[in-house]
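Read through the structure below, which is laid out as structure tokens, and then see the notes.
Protein chains: 2
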Amino acid sequence: MATQTERDTREILKAVEGAAGQLPSAERRQFLRKALTAGAGTFAGAAFAGLSIAHAADVPASAGSKYPPGLPPWSRTLGPGVDWQPYGMPVKYQADVIRRQVAWLTQSPQASVNFSPLQHLNGTITPNGLFFCRYHSGCAQINPAEHRLLIHGMVERPLLLTMDDLMRYPAVSRTHFVECAANGAMEWKRAQLDSLQYTHGMLSCAEWTGVMLSTLLDQVGVKKGAKWLLIEGADGAKMARSIPLWKGLDDCILAYSQNGEALRAEQGYPVRAVIPGFEGNMNIKWVRRIKVSDRPWYTREETSEYTELRPDGKALAFDFYEDAKSVITFPCPEVPPQHGKGLYEIRGLAWSGRGKIKAVDVSFDGGANWRPAQLQGPVLTKSLTRFTVPWQWDGGPALLASRALDETGYVQPTIDELRAVRGDRGVYHNNSIQVWQVTAEGKVHNVQLA
Amino acid sequence: MATQTERDTREILKAVEGAAGQLPSAERRQFLRKALTAGAGTFAGAAFAGLSIAHAADVPASAGSKYPPGLPPWSRTLGPGVDWQPYGMPVKYQADVIRRQVAWLTQSPQASVNFSPLQHLNGTITPNGLFFCRYHSGCAQINPAEHRLLIHGMVERPLLLTMDDLMRYPAVSRTHFVECAANGAMEWKRAQLDSLQYTHGMLSCAEWTGVMLSTLLDQVGVKKGAKWLLIEGADGAKMARSIPLWKGLDDCILAYSQNGEALRAEQGYPVRAVIPGFEGNMNIKWVRRIKVSDRPWYTREETSEYTELRPDGKALAFDFYEDAKSVITFPCPEVPPQHGKGLYEIRGLAWSGRGKIKAVDVSFDGGANWRPAQLQGPVLTKSLTRFTVPWQWDGGPALLASRALDETGYVQPTIDELRAVRGDRGVYHNNSIQVWQVTAEGKVHNVQLA
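The listed protein sequences derive, respectively, from chains Y and D.
Following this note's numbering, the numbering of the first sequence begins with 111 at its first residue and continues without gaps.
Following this note's numbering, the numbering of the second sequence begins with 111 at its first residue and continues without gaps.
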């Protein structure tokens, strides 16, 4: 063992002495020129491959990077065995990757929201421990053996189900995002918070498993003339929303599983509604009842809340869709560009409540010029899509922005375009283009352009 | 509030009195006949829709199911607020959904494996806390700030990277399974364990984010004549495997993120190799070094371990692929059919290290007859795919089995077919058809057919 270790260490140290760690500047320029030529204005995989090489070629080993002398402690010891953590947890070095609330935002943490740390997340799946939470009367703690789901109203055969019953129906697994209607609410009047987590963190995405709501509606036999569903939670608020029947017959899921395992209490254990693409609060958690009717209910959450007062003085109700939206997740205020001028990969998320993301454009100058980003497949409907684009930062001030285009042809608007329609009393559905201001000092600020 | 509560309760109790909860038997028979006719021998979505309805129609409300009088406590109280669990955990009712080891399997838990509880999982994503673990010297606990990744050997420009450097390269996110080569090892000689968790639980799947290994190999400039890579871990075992260069240039990822968040220590924090479709041990965790060469290394893990003695006395080395395989996850020994005879949805997982799953067949009679299962999309390459098929259990003994077909045309073999090739000293690559014996008492046993 000692011989092996010594040999390894010698080999590594010898190799490191010869490691350039950085291309000669002439070669780097050549790569870069080739890449910029190949990629200009195109969106093809081939062009991106060229950019990738250039991008890679321009990333140096850190100036101070050297192989630590000898072997680190973790290469010289036994770690804990497979009996450690039957249910695993993140490493201590990731302790700041947590959900956060804004204490001043609400009077009580039981009728409030916390935000997912998008600035530290990759890919499209939100791990269950970091999925954002919105409660109207705190997180209900339900004993699944005592939980019942009732389906009644304008139906031929009312149905009362235990969780065990529900899980016997045909199961589907689908990946969908959930976004709070108030995501970005603090930003309607002006840019306020230098934080991706707080401007966009009421957004998460999971692979949900459950029963299609349409399966259960088939089972109970919806009566002629029915047009609406009430879905009601078993929490203290008995959170309830009216859902159009056509949506219930389309793609809604009564989900009991999230990313493979049972729902977390925070997400509605033992069963929640997933209403793909509609505002988060309609994805009722802890579902106890679904009632079929010929008219909507006008519950508290669709009159006092989740309606929008328009410039003409009328309130817009039943404003269901989370329209196409995107945001750059790197760089962002919490994770600025830390290596001075040079080539960076801009990364972000795009999503639409109306279907698939078709394209994302990125601007480095606040929207004066746009270039297409690369989408990361598979692009799924009403799910998160990752996009990337290389950015050659000259070290000066920059204004980074992204705009999403969905398969319906809808283009993500600016905040001014939204205000022109919705006025200045907006709370919900701020899907405007986010602009990050990069300063010459390498700071990133949340700004709105005049 | 009290008024609302009282009204809700009255409405529910009234509705429950009228809830049939079960179709009249004549109507149920009609649905079923229609479904069996529509679905016979077909594989189309339309046929499945018919089956879904029949399936749903045959699922009764539990005989003892009734709405509890009054409102349950969680509907009358405030739950914890959004400041509860900044990093969330499963509910207490799921406490038995954990990874488990087999104490007698190895001499030490530091050179051992634990098993993922597949019998309780849904969908295709394995939550990070339940991803199976295989260690050769325990779980290395690495400080990412002190970790270095060296790429050297037959390259033009050796490279030494910090984690910060690595994360600057172009990022990709892809979903792939990881399966231990020894998954099912205990079952080579005879059926031993009445347990899905222990027969198949060295299998998990995640969305990985990281840098394509091909990007880094472009960067260092592989010299002419190079054919192999050594990937070596920083754990005490310095676990190392030889990987063909073509594979490194194809679809391998140096991953730093798993299901959105940073890798868990158990999965190789801060960086692991993902070698899609190849046996699990090649997906080196805690990667500290990649060396390019013109020949393989014949490390301990490709000579003493992870080779297979064949009937002709020769050892088969470099047996990389996890070939097409499937298993029924419901019913299974841990979760038998609990409602007597009637209609059940059989559910399972299929995967192939050579690409996409093309089809899965299911047998109710130990392989005498097969019928096609429904695949759950999107079907991704070298990832887990869910399948389902309705099963009308007559209450008598049954032998449930599934067989996967991948896009290369390969069909999952029986254990006897495997033994004919590999002999009786097998340890690795048991991808044989799993047969679950259902007894008239509703128990499920692990059997092998003579």
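Where is the CB? At the ideal position from N, CA and C, for every residue including glycine.
- With a threshold of 7 angstroms between beta carbons, Y:Gln502 makes no contact with chain D.
- D:Val554 is outside the set of residues whose beta carbon lies under 7 angstroms from a beta carbon in chain Y.
- Close to D:Leu188, with beta-carbon spacing below 7 angstroms, are these residues of chain Y in chain order: Gln220, Ser247, Gly248 and Gly346.
- Per the C-alpha coordinates, the member of D:Val201, D:Gly458 and D:Lys451 positioned closest to D:Gln229 is D:Gly458.
- The beta carbon of Y:Pro196 falls within 7 angstroms of a beta carbon belonging to chain D, placing the residue at that interface.
- Neighbours of Y:Val207 in chain D, taken as residues at a C-beta separation under 9 angstroms, are given in chain order as Tyr197, Glu371 and Ala372.
- Beta-bridge partners of D:His286 (DSSP): D:Ala316.
- For D:Ile252, the closest Cβ of chain Y is nearer than 7 angstroms.
- Taking the C-beta atoms as reference points, D:Glu376 is found no nearer than 7 angstroms to Y:Gly233.
- Within the stretch 351-382 of chain Y, contact with chain D at the beta-carbon level (separation under 9 angstroms) is assigned to Tyr366, Ser367, Gln368, Asn369, Gly370, Glu371, Ala372, Leu373, Arg374, Ala375, Glu376, Gln377, Tyr379 and Pro380.
- Around Y:Ser283, the beta-carbon contacts reaching into chain D at under 7 angstroms are Asn232, Gly233, Thr234, Gln486 and Arg496.
- Closest by C-alpha distance to D:Asn369, out of Y:Thr518, Y:Asn238 and Y:Gln502, is Y:Asn238.
- Look at Y:Leu364 here: in three-state DSSP terms it is strand.
- Within the DSSP bridge table, the entry for Y:Ile456 names Y:Val499 as partners.
- Taking all protein chains shown into account, D:Leu364 has 16 or more neighbouring C-beta atoms within 10 Å of its C-beta and is therefore buried.
- Following the DSSP letters along the chain, one finds Y:Glu342 inside the beta strand (DSSP E) bounded by residues Trp338 to Gly343.
- The C-alpha of Y:Gly294 lies about 53 angstroms from the C-alpha of D:Asn556.
- Straight-line measurement puts the Cα of D:Thr319 at about 18 angstroms from the Cα of D:Arg398.
- D:Val207 and D:Met273 do not touch by the CB rule: their CB atoms are close to 32 angstroms apart, not below 8 angstroms.
- In terms of beta-carbon proximity, D:Cys290 stays away from the interface with chain Y, with every pair separated by 7 angstroms or more.
- In summary, Y:Leu426 is exposed, with fewer than 16 beta-carbon neighbours lying within 10 Å of its beta-carbon over all protein chains present.
- Using a CB distance cut-off of 7 angstroms, Y:Trp184 counts as an interface residue toward chain D.
- Cβ neighbours of D:Arg532 within its own chain (closer than 7 angstroms, five residues either side excluded): Glu418 and Arg420.
- Boundaries for Y:Arg410: no beta strand (DSSP E) harbours it, and the DSSP string shows neither H nor E there.
- Rounded to the nearest angstrom, the gap between the Cα atoms of D:Asn541 and D:Leu339 is 27 angstroms.
- For the stretch 437-461 of chain Y, the set of residues with a beta-carbon nearer than 8 angstroms to any beta-carbon of chain D comprises Gln448, His449, Tyr454, Glu455 and Arg457, in chain order.
- At the C-beta level, Y:Val192 and D:Cys243 come within 7 angstroms of one another.
- In this chain, D:Leu303 is not harboured by any alpha helix (DSSP H), its DSSP state being neither H nor E.
- Taking C-beta separations shorter than 7 angstroms and ignoring five residues to either side along the sequence, the partners of Y:Ile456 in its chain run Ile438, Phe440, Val472, Thr498, Val499, Trp501 and Leu510, following chain order.
- From the beta-carbon of Y:Thr319, the residues of chain D found nearer than 7 angstroms are Asn232 and Gly233.
- The C-alpha of Y:Ser352 is placed about 10 angstroms away from the C-alpha of Y:Lys337.
- For Y:Asp471, the three-state secondary structure derived from DSSP is strand.
- For D:Asp193, the nearest CB of chain Y lies under 7 angstroms from its own CB, placing it at the interface with that chain.
- For D:Asp516, the enclosing beta strand (DSSP E) begins and ends at Ala508 to Asp516.
- Shown here, Y:Lys435 sits in a strand according to DSSP, grouped into three states.
- Contact of Y:Val332 with chain D by beta-carbon distance below 7 angstroms is absent, the smallest such distance being about 13 angstroms.
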